[in-house]
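*Asks:* As they're listed, the protein sequences go chains F and L. Residue numbering for the first sequence follows the numbering used here, starting at 4 and increasing by one per position. Residue numbering for the second sequence follows the numbering used here, starting at 316 and increasing by one per position. By construction, the Cβ of each residue, glycine as well, lies at the ideal position given by its N, Cα and C atoms.
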Amino acid sequence: MTAVMREGEAVANTAAAEESIFRRNLHSFAENRLALGSAIVVLLFVLMAIFAPLIAPHDPAETDLFRRLQPPAWMPGGEWSYLLGCDALGRDILSRIIYGARISIFIGAAVVMVATTIGIMAGLAAGYFRGWVDVLISRVVDILLGFPYLIFAIGLMAMMGPGLINIILALVYKEWVIPCRVVRGETLVTRELEYVEAARALGASGKHIMLREILPNILSPVIVVSTIRMAHVIILEASLSFLGLGVQPPTASWGAMVADGRAFILQAWWVSTFPGVAILLLVLAINVASQGLRDAFDPRFHE
Amino acid sequence: MSGTAEAAPLISVENLEKAYLGRLSIADRLTGRTHTVVQAVNGVSFDIKRGEILGLIGESGCGKSTLGRSILRLQEPTAGRVTFDGQDVTALSPSEMKAMRRRMQIIFQDPYASLNPRRTVAEIVGLPLQLHGLAKTASEARDLVAEIVAKVGLKTAHMDRYPHQFSGGQRQRIGIARALVSHPEFIVCDEPVSALDVSIQAQIIQLLMDLRREMGLTYLFISHDISVIGYLSDRVAVMYLGEIVELGTVDAVLSNPRHPYTQSLMSAVPEVDNPGQRQRVRLTGDLPSPLSPPSGCKFHPRCPLATDVCRTSVPKPESVGANHTAACHRLAENLSLLETEPA
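The following block contains the structure:
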């Protein structure tokens with residue numbers, strides 16, 4: 004009788020203390036000031052990208068040769084309506100940075116989402132079926148990992164030609180191996196757990212076990228890795244655009260803007276510098292935020 | 316229970332074997348090395364009658380759990396046959412096997428690892444209904460889940476909670492509810508109480524006994540706890556290194572153990588009424604590695620009675636009484652390690 008009561012009390016206590024593991028993790032993330040601040044910075048960039056037409060003071064493609072290389076507002080010759088100055092064609096740099104956020108964030112998010120989806124499917128298959136399926140997938144992963152990322156993407160872009168969809172494809176070709184390896188490793192561990200065996204004993208199909216039993220339990224590390232990778236993808240897109248293989252003019256892209264200003268770096272440092280700072284800020288914010296996520300959601304970092 | 320009329324057994328296991336092959340690296344293959352073989356279950360045969368509880372006892376690593384899982388084909392047996400209600404389970408196609416899984420279930424040892432942490436009790440217990448299409452509507456499924464949840468002694472108000480909000484004993488009740496919701500006939504209980512506190516153990520055992528009576532269940536009850544097995548089993552099988560060394564009714568095996576291994580197990584059970592009377596048989600050494608099992612009788616390196624014949628030839632199970640068999644070369648000599656000390 005006392006044992007029954009004790010069991011009952013235990014439930015009451017734990018129910019009050021931990022509503023859900025997810026919420027507890029979210030709470031510990033919110034307590035990490037630096038990570039929370041970074042997440043807010045990322046959010047601001049995203050809002051900026053979404054509402055670019057409302058925020059941007061000028062049309063990003065509007066040229067004005069009288070404003071060629073006009074310096075930022077606080078320098079002699081600057082104008083407050085062109086806060087960060089103008090580029091070699093007299094386009095407003097601030098407006099172009101605001102519009103450029105669309106390209107960086109869209110490509111970063113698209114590549115990571117497509118790559119993570121492919122990686123999850125391939126990783127689940129490799130980890131769950133093992134045997135020749137695993138050998139096949141893992142060898143492809145090893146081969147892709149053997150290529151230097153940027154060289155691989157440059158080669159693909161040279162083959163396919165520039166363009167938004169092609170950049171995404173070129174980056175996804177290699178990007179999926181990273182979530183794939185994480186998912187495969189986690190699946191190998193999780194498939195041996197008793198609740199997976201219980202599902203098999205109940206007559207569950209492989210599909211059910213992979214998608215309903217294993218996947219929800221390995222999603223945390225995958226999400227963490229994907230956010231970290233998003234920063235890498237943004238840098239890669241900027242690199243491709245810098246090399247002229249990315250989004251084609253007149254579409255504003257941070258990487259292309261840095262490249263445009265390269266020729267005038269001594270006379271007009273602002274043309275390259277401000278888009279460079281934008282890349283730095285966004286990537287830094289994503290990295291810090293994703294580390295906060297990792298600390299909060301990966302149980303191995305809980306003491 | 317042991318005295319029921321001889322009917323066709325519900326479960327019949329014949330020469331069941333489960334061997335694990337070691338991995339071979341490329342270097343191993345090139346040097347022509349062969350697979351290392353771990354014979355986890357080695358030619359095991361027994362029957363379980365409908366409504367009976369067969370206790371399976373043995374020390375860690377002797378193959379008890381592998382045997383239970385091989386019967387359910389959670390581990391594919393490498394040889395032998397399992398017949399369930401006249402059907403050869405080992406020969407079923409995947410779709411036939413899925414239908415069969417409704418009728419035979421398992422309760423796991425670890426109530427923490429055996430429940431998916433991301434699903435609620437209603438989802439966990441309702442999974443068999445969903446997989447086998449046993450409920451037409453969501454509300455019917457919920458009613459069936461509520462019924463079984465109440466039957467195993469949980470509050471139906473807690474159905475939408477997650478496993479981590481429950482204690483070990485309650486989680487084991489969830490596992491039992493999941494196993495029983497599809498109304499199976501046969502349950503493998505794989506050490507269902509050994510991870511629980513002693514006070515909770517008694518409750519869970521009582522629950523399993525009550526459920527068997529109400530639902531007409533048949534259990535294969537795996538444990539390393541002789542007192543638990545002795546309390547609830549009708550018959551007992553003693554397992555050592557992948558083989559059953561002694562099998563019989565619970566009275567025969569526990570009060571008159573004939574195999575030296577069973578005798579040494581029995582001597583380790585503490586007695587309340589006459590302490591010090593019985594001699595403690597101490598086995599030397601560990602369970603031998605199943606990678607390189609001993610020749611002859613597998614128990615001979617640890618057996619105080621071992622002779623030359625034990626080292627070379629494998630003993631066959633012999634009848635040593637009504638419904639009681641043991642596999643030992645020295646049965647005829649009627650030796651016992653359990654001689655009481657002279658007063």
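Express the C-alpha separation of P507 (chain L) and I544 (chain L) in angstroms, rounding to a whole number.
*Replies:* 12 Å
*Asks:* Are the CB atoms of G206 (chain F) and R416 (chain L) within a distance shorter than 7 Å?
*Replies:* yes
*Asks:* At a CB-CB cut-off below 8 Å, which residues of chain L make contact with R203 (chain F)?
*Replies:* L389
*Asks:* Cα separation between R297 (chain F) and E216 (chain F)?
*Replies:* 22 Å
*Asks:* What I want to know is whether the C-beta of A437 (chain L) ends up closer than 6 Å to one or more non-hydrogen atoms of the ligand NAP.
*Replies:* As presented, the structure is devoid of all ligands, the ligand NAP included, so that no description of it is given.
*Asks:* Using the Cβ count rule (16 or more neighbours within 10 Å means buried), how would you classify S604 (chain L)?
*Replies:* exposed
*Asks:* Check E306 (chain F) in the structure and name its three-state DSSP category.
*Replies:* Only weak support exists for where E306 (chain F) lies, its pLDDT of 39 falling under 50; the coordinates are left without a value.
*Asks:* I'd like the span of the beta strand (DSSP E) that includes H639 (chain L), first residue to last.
*Replies:* H639 to A641
*Asks:* Give me the DSSP bridge partner(s) of D403 (chain L).
*Replies:* L:T398
*Asks:* Might you give, ordered along the chain, the residues of its own chain that have their beta carbon closer than 8 Å to the beta carbon of T622 (chain L), omitting 5 neighbours on each side?
*Replies:* H644 and R645
*Asks:* Determine the closest residue to L620 (chain L) out of L:R573, L:K333 and L:V584, with distance taken between C-alpha atoms.
*Replies:* Checked all of L:R573, L:K333 and L:V584; the closest Cα to L620 (chain L) is L:R573.
*Asks:* Mind checking E200 (chain F): buried by the 16 CB within 10 Å criterion, or exposed?
*Replies:* buried
*Asks:* Smallest Cα separation from P392 (chain L): which of L:G378, L:C504 and L:D425?
*Replies:* L:G378
*Asks:* When burial is assigned at 16 or more other CB atoms within 10 Å of the CB, is I363 (chain L) buried or exposed?
*Replies:* buried
*Asks:* Buried or exposed: where does I221 (chain F) fall if 16 or more other Cβ atoms within 10 Å of its Cβ makes it buried?
*Replies:* buried
*Asks:* List the residues of chain F whose Cβ lies closer than 8 Å to the Cβ of H279 (chain L), in chain order.
*Replies:* Residue numbering for chain L in the displayed model covers 316 to 658; residue 279 (chain L) lies beyond these limits and cannot be assessed.
*Asks:* Skipping 5 residues on each side, what residues in its chain have a beta carbon closer than 6 Å to that of G130 (chain F)?
*Replies:* R187, T190 and L191, listed in sequence order.
*Asks:* Considering only C-alpha positions, which residue in the set L:P630, L:A355 and L:E374 is nearest to L580 (chain L)?
*Replies:* L:E374
*Asks:* Is there a Cβ from chain F that is less than 7 Å from the Cβ of P507 (chain L)?
*Replies:* no
*Asks:* Per DSSP, D95 (chain F) forms a beta bridge with which residues?
*Replies:* DSSP output for D95 (chain F) lists F:C89 as bridge partner(s).
*Asks:* Tell me which same chain residues have a C-beta within less than 7 Å of the C-beta of T254 (chain F), skipping the five on either side of it?
*Replies:* I106
*Asks:* Could you check where the beta strand (DSSP E) with A355 (chain L) kicks off and where it finishes?
*Replies:* Its beta strand (DSSP E) spans residues V352 to I363.
*Asks:* Could you tell me the distance, in whole angstroms, from the CA atom of C89 (chain F) to the CA atom of Q251 (chain F)?
*Replies:* 19 Å
*Asks:* DSSP has L562 (chain L) in a bridge; who is on the other side?
*Replies:* L:A552 and L:T640
*Asks:* So what does C504 (chain L) bridge to, in DSSP terms?
*Replies:* L:I422 and L:F536
*Asks:* Name the residues in the segment 439-454 of chain L whose C-beta lies less than 7 Å from a C-beta of chain F; which are they?
*Replies:* L442, P443, L446 and H447
*Asks:* If you scan the segment 443-495 of chain L from start to end, which runs of the alpha helix (DSSP H) of 4 or more residues do you find wholly inside it?
*Replies:* 453-466 and 483-495
*Asks:* If you draw a straight line from the alpha carbon of R617 (chain L) to that of L556 (chain L), how long is it in whole angstroms?
*Replies:* 12 Å
*Asks:* Would you say G295 (chain F) reaches chain L, if we count a Cβ-Cβ gap shorter than 7 Å as a contact?
*Replies:* no
*Asks:* In chain order, what residues of the same chain lie with their CB nearer than 6 Å to the CB of W257 (chain F), ignoring the 5 residues before and after it?
*Replies:* Excluding positions up to five away in sequence, the list reads G103, S107, A241, P278, A281 and I282.
*Asks:* Should F614 (chain L) be flagged as near chain F, meaning a C-beta pair shorter than 7 Å?
*Replies:* no
*Asks:* Could you say which of L:T349, L:H350, L:L369 and L:R338 lies nearest to V553 (chain L) if we only look at CA atoms?
*Replies:* L:L369
*Asks:* My understanding is that N431 (chain L) touches Y198 (chain F), with C-beta atoms under 8 Å, so please give their C-beta distance in whole angstroms.
*Replies:* With 8 Å as the limit, N431 (chain L) and Y198 (chain F) qualify as a contact, their Cβ atoms being about 4 Å apart.
*Asks:* I believe I559 (chain L) touches F361 (chain L) by the beta-carbon criterion, under 8 Å. Please report the beta-carbon distance rounded to the nearest angstrom.
*Replies:* 7 Å
*Asks:* Count the other CB atoms, across all protein chains shown, that sit within 10 Å of the CB of F536 (chain L); report buried if there are 16 or more and exposed otherwise.
*Replies:* Its Cβ being crowded by 16 or more others within 10 Å, F536 (chain L) is buried.
*Asks:* Strictly below 7 Å CB to CB, what residues from chain L border E200 (chain F)?
*Replies:* L389
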